[in-house]
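In this note's numbering, the protein residues as written are 708 to 872. Here the structure comes first, spelled out in structure tokens, and everything after it is commentary.
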Ligand SMILES: [Zn+2]
């Protein structure tokens, strides 16, 4: 799956966090958590928390081995590229699904807004206050959502393209 790195970066940042992304980026080859901590200048406990988050999403795996002298376990962490691809695909599917639902709503529904720009309200909500905005006492006017529909359509096109790569 030839998904670009920038897409992977933005999706991991959005769904987990910026620090998670830096951790996954340092795992170009398998590393111990202490090594990652030194490399990123973070506390080992912080790195372990980040790794555990990534592990919960199946994006990293580890090999555990016991130090015979100390009796302590060490963990060698590695990226799970196959799972990363599946994660991206699932994320894109979800985003696509959400956009399509939004598009359906925009195509079907009539919405209203007022000059104080308090967001858009549904027809039901506008009727409830007699088309008067409770925030500014201005009148609600019908919103033109052509631009929003266009944006959603182009988003959907992009997402479909990414997903099929
Ligand atoms: Zn208003």
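All residues carry an ideal CB built from backbone N, CA and C; glycine is no exception.
Scanning its chain for C-beta atoms nearer than 7 Å, with the 5 sequence neighbours on each side dropped, one finds around residue 751 the residues 740, 741 and 744, in chain order.
In the three-state scheme derived from DSSP, where H, G and I count as helix and E and B as strand, residue 794 is classed as helix. A direct Cα-to-Cα measurement between residue 724 and residue 784 gives close to 19 Å.
Taking 3 residues as the minimum length, the beta strand (DSSP E) runs contained wholly in the segment 771-854 are 780-786 and 818-820, in order along the chain. With fewer than three CB-CB distances shorter than 8 Å, the segment 843-857 does not count as touching the segment 764-777. In the three-state reduction of the DSSP assignment, residue 865 falls in the helix class. In terms of CA proximity to residue 799, 866 leads the group 813, 717, 713 and 866.
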